[in-house]
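Residue numbering for the sequence shown follows the numbering used here, starting at 61 and increasing by one per position.
Yeah, the Cβ is synthetic: ideal placement off N, Cα and C, and Gly gets one too.
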Amino acid sequence: MAPLKTPGERGEEELMANVRRKRPRLSQSRKEAKNKKFDDSFERLVIALEADKNQEREEKIRELKEKIRELEEKNRELEEKNREREEKGPTIAECVACLKQISNIGRTSRLFIFALTIFRVKENRELWMSIDDNDVRIEVLKTLMEKES
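So, in structure tokens, the structure goes:
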């Protein structure tokens, strides 16, 4: 075996070859410190992402709650309108619009004019709007008109 050379005896190339071959490694405590820094950074990142997710969820929940409040308000308004309508029943205008859709009754006919007069009574309007068949509506008008004569 060849005797070891002192650093002065070794050539520069040989020293560089040794340095390249034997890369310095971190000591165990340095490795642990580096890993701890990585773990801490990773943990902070995870916490930040979870916080963002929670914030997004909370924003979505707030938006949904606001939409629910708006829908509940609209629902209350509609219920109030329906209650008012049920109390009043069908309007004269609704009944006249329905009457105008019947092509068999001319707008100047006695039957049309008679229908306008009976629509002043709430029960007659409710009866009129509850009938789905126009032929039946015409017969009801004729029958009521005969009773009035």
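Shown here for R167: not one same chain residue has a beta carbon closer than 7 Å to its own, the five before and five after excluded. Relative to the Cα of P150, the nearest Cα in the group V181, K202, D99 and E139 belongs to V181. The C-alpha of E110 is placed about 15 Å away from the C-alpha of K120. Here DSSP, grouped into helix, strand and coil, assigns R185 to helix. Taking 7 Å as the cut-off, the Cβ atoms of R185 and C158 do not count as close. Counting of Cβ neighbours within 10 angstroms places R129 among the exposed residues, the total staying below 16. In this structure I198 is in contact with I165, their Cβ atoms being roughly 7 Å apart against a cut-off of 8 Å.
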